[in-house]
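Those protein sequences? They're chains S and F, same order as listed. With the working numbering applied, the first sequence corresponds to residues 1 to 492, in that order. With the working numbering applied, the second sequence corresponds to residues 493 to 984, in that order. Each residue gets a CB set at the ideal place from its N, CA and C atoms; glycine is no exception. Right, one structure below, let's go through it.
Protein chains: 2
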Amino acid sequence: MSKKLTKREEDYSKWYNELVVKADLAENSAVRGCMIIKPYGFAIWEKMKEELDKKFKATGHQNAYFPLFVPKSLFEAEEKNAEGFAKECAVVTHYRLKNNPDAPGKLMVDPAAKLEEELVVRPTSEAIIWNTYKNWIQSYRDLPILINQWANVVRWEMRTRLFLRTAEFLWQEGHTAHATEQEALDETLLINNLYADFVENFMAIPVIKGIKTESERFAGAEDTHCIEALMQDGKALQAGTSHFLGQNFAKAFDVKFATSEGGLDHVWATSWGVSTRLMGALIMTHSDDNGLVLPPNLAPIQVVIVPIYKGKEQLDEIAGIANKIKSELEKQGVSVKFDDRDNVKPGFKFNDYELKGVPLRIAIGPKDLEKQQVELARRDTLEKSFVPQDQLSSLIPSLLEEIQQTLFAKALRFRDEHITAVDSFEEFKKVLEDKGGFIAAHWDGTAATEEAIKQATKATIRCIPYTAKEEEGSCVFSGNKSTKRVLFAKAY
Amino acid sequence: MSKKLTKREEDYSKWYNELVVKADLAENSAVRGCMIIKPYGFAIWEKMKEELDKKFKATGHQNAYFPLFVPKSLFEAEEKNAEGFAKECAVVTHYRLKNNPDAPGKLMVDPAAKLEEELVVRPTSEAIIWNTYKNWIQSYRDLPILINQWANVVRWEMRTRLFLRTAEFLWQEGHTAHATEQEALDETLLINNLYADFVENFMAIPVIKGIKTESERFAGAEDTHCIEALMQDGKALQAGTSHFLGQNFAKAFDVKFATSEGGLDHVWATSWGVSTRLMGALIMTHSDDNGLVLPPNLAPIQVVIVPIYKGKEQLDEIAGIANKIKSELEKQGVSVKFDDRDNVKPGFKFNDYELKGVPLRIAIGPKDLEKQQVELARRDTLEKSFVPQDQLSSLIPSLLEEIQQTLFAKALRFRDEHITAVDSFEEFKKVLEDKGGFIAAHWDGTAATEEAIKQATKATIRCIPYTAKEEEGSCVFSGNKSTKRVLFAKAY
C-alpha cells in the first residue's frame, strides 16, 4: 500500500490532493465537482459543527430549516444577489422520469412533467428566507430574528478541488433580522469575532479580521466582514464571512415592520457563513510531508495505542495495560483507540496514523513491558520519548493542550513572518513572487486599481484589516493618496 | 391572537394542520410541497437526531456525506429501485441562468448550459453510495462498512402535508455492506430494534415491529422491516424502515469482494431510515385539543416559569425566586425558561406554552410568595397543584420522568385497545369503519387479495408482526388457507 505523499515543495497542490484522499478525508464522486466526505473527514467536520453550534446558541441563535429549492421569481428579486449567483445555478426543470421507449431498462426525463416555474437549487438562502421573514415580521416585537441553518448548497463551479471549491458543499448560514441599523452592524461584527475566536482557538488557525472591498463583497451586501487565513504555500484563504445586508433584502421582499415609535420601516439584515472549506484551511495550515496534522480539539482519535508483540500471550499482556491506559484517559475526555489488528504490522499502523494526523501515538513492546514504560510520539513535532506508564494519565491531557497551543503558535509565527509591508509596485511583485503571503500596501481605494493589480499579479485585496492604522501614504500602483494599508495576496 | 384550535373530533386533519402551524413547528413555503421547519420544531428534531446519532455510533456506525445529485445513468442501474422512484424525481437539467433579453431584470435558464447527463436530486442514496462502495471494497477485510448519512432528500409528492409527506424532507439513511447474508440480516434486525427502542423509550410512542409484504416493500429490497405506530384517529403511521437489500445493489453496481476462503462474491447490503415524518407521529400520538403535548425527552423547554405580578417590585421578588428554582433545576439537566416578558399577560403565556406542549408550568403570584409555594401544572393531565418552593428541585426531575412514562403508557393502552382480531370480511369492514386501528386478520399471502382489500377498504397490510403466532386460519377475504394473522390498517 503506497501511502507516500508528494512533498509539499515539489508540488503543493498535488500534495494537498493526495493527502485529502489518502488520509481518508474525502474523494471525488461520479457527479462532476461533487465530493464524498468520508467517515474520517466527516468526523472532523462534525467536531467543527458541534463547537460552532454551541457558540451560535450561546449567543442567542436558533436553528431552523428552509427549502433546498428557490423558485426563479424569488431568486431574481434581489437583483445584485441574483446577478452574483446566476452563472453557477443548478436548475430543476422537471419533476418526473419515465421509461425510455427507445431504450428498454433506461429512463428519460418526462417532457410532460415540466415545471411551470424553474427551481434553483439554493446557492445561498437569502431569497427563500427573506420571502419567509416577510410573513413573520409585522412589528418591532417580532425582532430580532436570529436564525442559523446547517445545509448543503450548490454553486456550479467549473474548476473544483476537494473541500476548497466544490459544486455542492456543506455549510451553515445565519440569517438575522433587526429593527435598527446599529443592531445589524453589531450582529455582523459579533459573528465575525465569533468566527475568529472559533478558527483561532479551536482550529489553531490564526486569522486576520477585516472588511472586504466593494469588488470582493458578497452580492447583495452593503459590507462583508471576513476572516482571512494564510496557507503554508503563501496563499490566503477566506475562512468565513459575515455580511451586513442593510435593507437590501427587506426592500426586495417588501419586509416592513411597525417601529416602537409608531412608524413603518424596512428591516435590517445580516447573513454569515462558514463551510466545509474550513477543512481545506485546516489541512493547509498544519499538515506536513508525512500527512495530516490535527489540532487535538479536532482529532477524532487523539491518542492511538499500537502494540508491538510476538504471539498471543504478549499481545494479551500489552492489551491489559493498553486498556487500562485507555480507560483512564477516556475518563478525562480523551479519545483513545487501541489498534490490536493482527493482520497489519506496527510499521503500517505507524504510517497510517501519521498520515491521519493522530496527535499522540503510544507504542508498547516487550521491553516496555519490562520497564513499565511506553514510547510516546508527538505527531506535530515527530518527537519520541519514553514515559512511565503510571504517568500517562496525568501527562497526556496537558500534552494535548500543549500541542494545540504549539500548532497555533507555529502557524501564527509563519503567518506573521509572511505579512510584508511594501511601498512600491516593484517590491510588491517581487515579494509576491519570491515570498508570497500577505502584502500590506497602500491602495487608492478605487476598483480600477484593484482590478489592474489583479490582472498584473493575480493578487487581490483580501481585506482592510480592523487594525489597519491611519497613516498617510501613496498607492503602490497609482501613486494616489491613501490613508491606510490593505492586505493583498493570491488566494484560494 | 386566535390560537384556538379546531377540535380533534370535529376534523382531525384540520386540527393537525393548525397545530403544526400555531405551535410554531413548521409551515408551508413558497416552493410547492416543501416545508419550513421553524426554530421550535427544529429544536425537537435536533433532540431526536442527537439521540439517534448516539445510538448509531454506539453500535459501530459512522457518519459520512454523499452527493445530493445522482447522474441518471447511475440512478437507473438498479431497475426496481429506479422504477420505484422515477415518478417522483426532481431533475436538474441546466447549470446556469442568464439575463432574459425580453424582460429586463429577469432571469431565464440558459439553453447553452444544458447538462450532458441529467442529474436526479436524490430521493434516496443507494445508487450513488453503491457506485462509491464499488471502489472501497476489494476484500473481506474491507467489510463491514457501516455508514449513516444525515441529509435532505426530495420525492416529488402530489399531495403533501407538513412533516407527513413533503417534497423535500430531512432524514438519516444508513447504508451498510457485509460479507455474508447472515450479517446483513442481523444488521437489518439490529436497526429495526434500535428504531423501536428509540421511538418507544425516547419518543414515548409504542410501535409494532414487523415485516412488510412484497407489495409494500422498499423498491430494490429483498425484505423491509418496519415499525408501525398508531395515531389517535385510528390510522397507522410507518415510523421507520430497515431494508435487507440482499445482493441486488452489489449486482447492479458490480461490487464483488475476495472472500476469506479465496473466492469472489457479491457484497450483501442493508439500508434504513427515519425522517422528519417522526415529527408527525409525535404530534398525532400525544397531543390534545389544547395543542402539542411533548414527552419531556423531546421538549426544548421542559419547565416554564410564569410570574403573576403587579408592579416592578413584585416582579423583582418573584424573579429572585424563579431564578433560584431555574438554576437548581438546570444543575440537574432540566431545561427551564423564566418568561418575564412584560408586554403579554400571564393568560396569554399560559395558552402559548400549553399550545407548545411544555411539560410543566410553574406560576408564581403574590399569594405564592406569602406561602412560599408555587402553582405547578402538568401539560399531559392538565392537573394543577400547589408545591412548596423548596421541594421543586427534588420533585421535578422525577415528575418529568413520570410524565414520560405516563405518556407512553397512555399511548400503549390506546394502541392495544385498537388492535382488533376479526375473522370475517364483514367484521373487517365494520371495525375499520367504526373503530379504526389495527385489524389482525388472516390473509392468504397473495398480492391479489391484498390489493382487493385495499381497493375495497383503503386498508393496507402494515406488517407481519415479529410476534405473529402460527395458527391455522382462513383468509378474511378469499377464505384460502393462512398460517398467521397480519395487521391491516388505513395509514398515513
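Alpha-carbon spacing of residue i relative to residue j, whole angstroms
i        : j        : result
F/Glu502 : S/His61  : 38 Å
S/Ala236 : S/Ile129 : 31 Å
S/Glu200 : S/Gln404 : 10 Å
S/Lys98  : S/Asp110 : 5 Å
S/Asp107 : F/Ala960 : Rather than Asp, the amino acid found at residue 107 of chain S in this sequence is Leu. One C-alpha to the other measures close to 40 Å.
S/Met1   : S/Glu354 : Legend: pLDDT at S/Met1 = 42, less than 50; position of this residue unreliable, value from coordinates given subsequently. Going from the Cα of S/Met1 to the Cα of S/Glu354 covers about 15 Å.
S/Tyr309 : S/Asp340 : 10 Å
S/Phe386 : S/Pro307 : 15 Å
S/Leu185 : S/Ser242 : 10 Å
S/Lys7   : S/Asp289 : 5 Å
S/Asp265 : F/Gly732 : 47 Å
S/Glu222 : S/Leu245 : 5 Å
S/Ala456 : S/Lys484 : 22 Å
S/Gln182 : S/Thr188 : 10 Å
S/Ile191 : S/Ala363 : 43 Å
F/Trp507 : S/Leu282 : 50 Å
F/Pro880 : F/Leu861 : 10 Å
F/Ile703 : F/Gln724 : 23 Å
S/Arg415 : S/Tyr466 : 17 Å
F/Ser916 : F/Glu925 : 14 Å
S/Asp380 : F/Pro787 : 47 Å
Where residue i meets chain S, residues with beta-carbon distance less than 7 Å
i        : result
F/Lys598 : Glu76
F/Gln630 : Chain S residues near F/Gln630: none, gap ~12 Å exceeds 7 Å.
F/Lys579 : Arg96
F/Val613 : Val92
F/Glu962 : Ordered by position in chain S, no residue passes the 7 Å Cβ test against F/Glu962, which lies about 41 Å from the chain.
Contacts that residue i makes with chain F (C-beta to C-beta distance below 8 Å)
i        : result
S/Lys38  : Ala556
S/Cys34  : Pro559, Leu560, Phe561
S/Arg141 : Asn835
S/Glu46  : Asn555
Start and end residues, alpha helix (DSSP H) containing residue i
i         : result
S/Gly41   : 39-58
F/Glu1005 : The displayed coordinates of chain F run from 493 to 984. Any statement about residue 1005 of chain F would go beyond what the structure contains.
F/Glu720  : Taken as a continuous stretch (DSSP letters only), F/Glu720 belongs to no alpha helix (DSSP H), being part of the beta strand (DSSP E) at 715-722.
F/Thr949  : 939-949
S/Ala440  : From DSSP, S/Ala440 is part of no alpha helix (DSSP H) but of the beta strand (DSSP E) over 438-442.
S/Ile301  : Careful: S/Ile301 lies outside any alpha helix (DSSP H) and carries neither H nor E.
S/Pro388  : Looking at the DSSP string, S/Pro388 is not in any alpha helix (DSSP H); the run it does join, the beta strand (DSSP E), is 384-388.
F/Ser886  : 884-909
Start-to-end residues for the beta strand (DSSP E) that takes in residue i
i        : result
S/Asp186 : Note, S/Asp186: premise wrong, no beta strand (DSSP E); alpha helix (DSSP H) at 181-201.
F/His553 : That residue, F/His553, is in no beta strand (DSSP E); it is neither H nor E in DSSP.
S/Ile464 : 460-465
S/Pro71  : 69-71
S/Trp272 : 268-275
F/Asn479 : Not covered by the structure: residue 479 of chain F. The range shown for chain F is 493 to 984.
Interface residues of chain S facing residue i [CB-CB closer than 8 Å]
i        : result
F/Glu571 : Gly105
F/Ile620 : Ser29, Ala30, Val31
F/Ala535 : Gln62, Asn63
Chain-ordered neighbours of residue i on chain F, where CB pairs are closer than 7 Å
i        : result
S/Lys72  : Leu599
S/Glu118 : Val601
S/Ala82  : Leu599
S/Asn131 : Ala522
### Query
Just by C-beta distance, which residues in the segment 655-682 of chain F are closer than 8 Å to chain S?
Glu660, Leu662
### Residues from the segment 585-597 of chain F in contact with chain S, defined by Cβ distance under 7 Å
Thr585, His586, Tyr587, Arg588, Leu589, Lys590, Gly597
### Task
Report the residues of the segment 639-650 of chain F with a CB closer than 8 Å to any CB of chain S, ordered along the chain.
Ile639, Ala643, Asn644, Val646, Trp648
### Cβ contact check for the segment 276-292 of chain S and the segment 153-170 of chain S: 3 or more pairs under 8 Å
yes
### Query
On the three-pair Cβ rule with 8 Å, is the segment 823-838 of chain F touching the segment 901-911 of chain F?
no
### Query
Counting pairs of Cβ atoms below 8 Å between the segment 543-563 of chain F and the segment 20-37 of chain S, do you hit three or more?
yes
### Message
Along the segment 713-740 of chain F, where does the CB come closer than 7 Å to a CB of chain S? Name the residues.
### Response
none
### Task
Taking only beta carbons into account, state which residues of the segment 871-898 of chain F come closer than 9 Å to chain S, listed in chain order.
none
#### Entry: Three or more C-beta pairs below 8 Å linking the segment 533-544 of chain F and the segment 70-82 of chain S
no
### Query
Is there contact here, the segment 616-635 of chain F with the segment 744-751 of chain F, by at least three beta-carbon pairs under 8 Å?
yes
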